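Novice:
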Amino acid sequence: EIVLNQKNAQTDPADASLDAIKQYYLQQNILSQALSGFSTEQTLQTYIPAITVQDLIKGGRDSITMAINNAAGATSGDNWYDFGFNNVAPIGTGPLAQGNFGPLRSGFMEVEYLEIVDVFGQRMQLLTDTHTSDGSLQVIPCMNFAPQSTDTINTGKIYLPPRILAPSRLWFRWLSADFTPDVPGIDSDFVETNTHPATSPVCGWILPNHLDNNLFFYDSTGLPIGSFGIEHNQLVYRTRPGNLNNQQDDLSIDIGTPKAPIVNPNLAQFMWYVKGQNAGFLQDWMQAILNSDTFINPANYAQNNGLAVLVGRPLALTRAVLNMETSGNVLPLSQADTDADAPYPSDINNNNYIYKNRMATSGAKLENVQFPVRLGDLANLDDGLVGYLIESGSSDTPYTTLYAPAASGSGKNNVVQPTSTTVQLTLNATTPITLTLLVDPRAGVHATTGVLPVANLQIPMDQYGQAMRSMAMTFFTHPMLQGAQGLVVPLPQESGLAWNWIFPDAEYPISLQANAANQNANWGFTPQTVLEGWLQLSEAPTSTSGTKN
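Mapping of the sequence shown onto the numbering used here: residues 454 to 1002, in sequence order.
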């Protein structure tokens, strides 16, 4: 254990570098000032008057107001009304074209002139000892705004990463897993608008068993359904151990038909999707899950001590919507494009002069720009995305490909790594993208666009903790020898957990005692019976005191 004190702080290896930085700043005269409205001003790159100088109520009343008004409008093109919304002809060339609407910013910035004005109106121009090759002031950008070291042309400039200048957001929200038709207007899964959803987004659970190489499915409450595994190079479905109602391992008996599911419809839809894949799909998917274990280690792991976390890593099957929106869909006009089909000329040709009616069409064609979205982050240990599917909206083929960031191989079995163009969004799309997500619920899911802040979705622990504690783990075990005194298995004692043995044709499991096997020989061990079945580890039942028999 290292204790920070004055003694070892003085021997810190970084002390020399920190002291050099300290001495450098002590020798500098630094004035800090924020540039408020910097991005807003870039939507129109030139400063222009919004209205002419005049009295808006009574008009010109004195010679001074009229003189200022005449001087402001004396130069052609110097007034907004000379080339603004009232001018039918778009400006495609010349200096004024540089001031047209630019809703998407990216490039390099130079500081050509810098002046300080105090409260008394005194002005001071600030200069630098050296200038860049084009004469602009020398700047020292921070790491995030510095050009690449190999970019010698833009040395000394400020790099501005791509940004949407109009007020925008990335709409990344959970879809509820359950809904009730009793609420008016709710006939399907609805979008949760709060960061803490009112209903759980978990449609079901998937627990990988890398020992038996299969995937076990549970419903949203943690009750077992069945598993998919590989037998004789074929993908096979097996019902849950001890289910006497489905001895033929028919998937439709456990979850219903695709048109009439008896479990969560989204869970049933996904299980039918897996049923239609081949053995290579399951192998690639299991490998992708195993690979992702290296990249997921949430900081709150100590808070999740459920049985499922101790035995494996359960994945929650969830759904979410993804879209990019602007505030009120207010996008100014672009006057630089003279094409008849462009937004501004099209509005003029159709006599659409009311500004609020132009909002949907006059966006400088920004609505046609496709912004790539990266789901998940392998470099972030607090990101729990393991895979996702893009829903098509069709009930027959809801999705075709499972995208897994940690997938390996060629992807010929429909398990592939996503590319930069897998998920692309346009602003204010009528229909958002609906995703089916496979996530580790202990960590969040991050969506990165590069032009907007990173969005993070996380399932609150109170909406999945009980389900994870309720999951019973089963392990196919064979052969087992049962003596005349009953079945004795060397099992460890686990606090709060109980061991059971499930026969293939038994309706109820048999309770097993932990630490029952020892090195002492028993008489009367014969006759012996060879068994096969499942060892089950589940949460120990709690005794209720004060009840009457």
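Cβ atoms here follow ideal geometry from the backbone N, Cα and C, with glycine treated the same way. These numbers come from a predicted model, not from an experiment.
(1) Within this structure, are the beta carbons of I749 and L613 separated by less than 8 Å?
(2) Check whether the stretch 771 to 782 and the stretch 616 to 625 touch, using three or more Cβ-Cβ pairs below 8 Å as the test.
(3) Helix, strand or coil for N744? Go by DSSP, reduced to three states.
(4) Taking only three categories from DSSP, how would you classify Q476?
(5) Could you give the residue range of the alpha helix (DSSP H) that holds G918?
(6) Check this for me: beta carbons of A908 and A900, under 8 Å apart or not?
(7) Tell me the residue span of the alpha helix (DSSP H) that contains T674.
(8) Using only the alpha-carbon positions, how far apart do I474 and A467 sit?
(9) Thinking just about the alpha-carbon of each residue, which of D515, F723, V644, N731 is nearest to the one in L890?
(10) Are three or more beta carbon pairs between the stretch 708 to 715 and the stretch 830 to 844 nearer than 8 Å?
(11) Have a look at F491, R691, T603 and flag the residue whose alpha-carbon is nearest the alpha-carbon of R558.
(12) How is A951 classed by DSSP in three states: helix, strand or coil?
(13) At the level of alpha carbons, what is the spacing between L618 and P556?
(14) So what's A793 in DSSP terms, helix, strand or just coil?
(15) Taking C-beta to C-beta, are L905 and L940 nearer than 8 Å?
(16) Does the Cβ of Q916 have 16 or more other Cβ atoms within 10 Å, making it buried, or fewer, making it exposed?
(17) Based on Cα-Cα distance, which residue from T518, L770, N662, L668 lies nearest to W627?
(18) Taking three-plus beta-carbon pairs below 8 Å as touching, is the stretch 915 to 934 in contact with the stretch 661 to 675?
(19) Determine the direct distance from the alpha carbon of P913 to that of Q919, and round the result to whole angstroms.
(20) Can you tell me the Cα-Cα spacing of Q736 and A752, whole angstroms?
(21) Which residues share a DSSP beta bridge with A769?
(22) For the beta strand (DSSP E) containing N909, list its first residue and its last residue.
(23) Give the single residue among P932, Q981, I963, E844 whose Cα lies nearest to the Cα of Q938.
(24) Under three-state DSSP, which class holds N539?
(25) May I ask which residues mark the beginning and end of the beta strand (DSSP E) holding D621?
(26) How is N750 classed by DSSP in three states: helix, strand or coil?
(27) On the criterion of 16 or more Cβ atoms from any shown chain inside 10 Å, does G729 qualify as buried, or is it exposed?
(28) With burial defined as no fewer than 16 other Cβ atoms inside 10 Å of the residue's Cβ, what is the status of A860: buried or exposed?
(29) By Cβ distance below 6 Å, which residues in the same chain neighbour H931 in space, the five residues on each side in sequence not counted?
(30) What are the uninterrupted segments assigned as alpha helix (DSSP H) that are 4 or more residues long and contained completely in the stretch 555 to 619, given in chain order?
(31) Taking the alpha carbon of A795 as the reference point, which residue from P767, S780, G816, N804 has its own alpha carbon closest?
(32) Indicate whether L944 and E992 have their beta-carbon atoms separated by less than 8 Å.
(33) In the structure shown, what three-state DSSP assignment does L880 receive?
(34) Going straight from the alpha carbon of S589 to that of N867, what length do you get?
(35) On the three-state DSSP scale, how would you describe Q966?
(36) DSSP on D836, reduced to helix/strand/coil?
Specialist: From the atom records:
(1) no
(2) yes
(3) helix
(4) helix
(5) 918 to 923
(6) yes
(7) Counting along the chain, T674 falls outside any alpha helix (DSSP H), and DSSP gives it neither H nor E.
(8) 11 Å
(9) F723
(10) no
(11) F491
(12) strand
(13) 5 Å
(14) coil
(15) no
(16) buried
(17) L770
(18) yes
(19) 12 Å
(20) 30 Å
(21) W658, V892
(22) 908 to 910
(23) Q981
(24) Low confidence applies to N539: its pLDDT is 46, below 50, so where it sits in the model is not reliable enough to give any reading.
(25) Here residue 621 is Ser; the residue named in the question, Asp, does not match the sequence. S621 -> beta strand (DSSP E) spans 621 to 627.
(26) coil
(27) exposed
(28) buried
(29) E985
(30) none
(31) G816
(32) no
(33) strand
(34) 54 Å
(35) coil
(36) strand
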